[in-house]
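Residues in the sequence shown are numbered from 38 upward in steps of one, following this note's numbering.
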Amino acid sequence: APKPFALPEPYGTMRRMYAYLMRQRHVDREVISAFVHEKLLYEDEHHNCVFVGMDGDIAKHAHLRSTNSEGKVFRMNVEGSESAHSFHKDGTDKSLYVFEAPIDLLSHITLYPYGWQEHSYVACCGTSPIPVMQMLKPDTQIVYLCLDNDDAGHKASERMAEQLRERGVMTERLVPELKDWNEDLLRAQKEELALCLSL
38 APKPFALPEP YGTMRRMYAY LMRQRHVDRE VISAFVHEKL LYEDEHHNCV
88 FVGMDGDIAK HAHLRSTNSE GKVFRMNVEG SESAHSFHKD GTDKSLYVFE
138 APIDLLSHIT LYPYGWQEHS YVACCGTSPI PVMQMLKPDT QIVYLCLDND
188 DAGHKASERM AEQLRERGVM TERLVPELKD WNEDLLRAQK EELALCLSL
């Protein structure tokens, strides 16, 4: 029988996770802290970032991402995770932003912070439309499909757009300039740094 879902044990501090997300990924500290405060993000005892997916007050999904920059990147969904409840944040306005990976979601907020607390966000932890359909509310007016700028991302966006159109929901495709939003963020930070150094 499959193991029942359980969140990984948290580590005593979140220092390694903060360092990784801020230094390697250039995610804004306040954005990280906002998700930590909502209990949607923490560091486990193996120093992975744990991106938690909630169903109301109950955790039903967790996506792990290693914080070590050397060697093979480790990322996986914890056994027993329900894909309908992958990493997300409910906002108050009528928009929903859809990503493949949690780090791209955090990167997009860092790049475009204006009013982000009001928007809803979901990271599918892949390209399944299930989490997107789960996030739809009766008053959702527009879904921004922010999937990767590659073949899989374009195809998944088309599929999602079609399913959303059938439900009468408007969609708009937001394409990162590079492969994904974190690459865009890293480049933006590099350009900003170069600009500062040249002044």
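No residue lacks a Cβ here, since even glycine has one placed at the ideal position from N, Cα and C.
Inter-residue Cα distance where the pair is G190 and P39
30 Å
Selected residue, minimal CA-CA separation from V206, among L133, T164, A138 and L236
L133
Going straight from the alpha carbon of E214 to that of A56, what length do you get?
26 Å
Among all the DSSP beta bridges, which residues are the ones paired with S103?
N85
With which residues is M170 paired in a DSSP beta bridge?
DSSP, once it has assigned bridges, lists no residue as partnering M170.
Segments of 4+ residues assigned as alpha helix (DSSP H) that fall wholly inside the region 126-194
139-148 and 167-172
What is the rounded straight-line gap between the Cα of L182 and the Cα of E67?
24 Å
So what does M113 bridge to, in DSSP terms?
L101
CB-CB under 6 Å to F72, same chain, minus the five flanking residues each way: which ones, in chain order?
L78
Note down the Cα distance separating M197 from D188, rounded to an integer number of angstroms.
14 Å
Among residues of its own chain, excluding the 5 on either side of S144, which ones have a beta-carbon nearer than 8 Å to its beta-carbon?
R62, H63, V64, D217, W218, N219, D221 and L222
Cα-Cα separation between Q237 and R210, rounded to whole angstroms:
There is no way to answer for residue 237, as the model of the chain reaches only from 38 to 236.
What residues in its chain sit with their C-beta under 8 Å from that of G117, if we drop five residues either side in the sequence?
P39, K40, P41, F42 and A43
Residues of its chain near A121, where Cβ-Cβ distance is below 7 Å and the 5 sequence neighbours each way are ignored:
I167, P168 and Q171
Do F111 and A160 have their C-beta atoms closer together than 9 Å?
no
List the DSSP bridge partners of N92.
One detail in the question is off: residue 92 reads as Asp in this sequence, not Asn. Looking at the DSSP assignment, D92 forms a beta bridge with I95.
List the endpoints of the continuous alpha helix (DSSP H) containing L222.
W218 to S235
Among K109, E203 and E46, nearest to D81 - alpha-carbon criterion
E46
Let me know the secondary structure DSSP gives Y55 once reduced to three states.
helix
Hey, out of S194, I179 and T177, whose CA is closest to D185's CA?
S194
Under the rule that 16 or more other beta-carbon atoms within 10 Å means buried, what is M113, buried or exposed?
exposed
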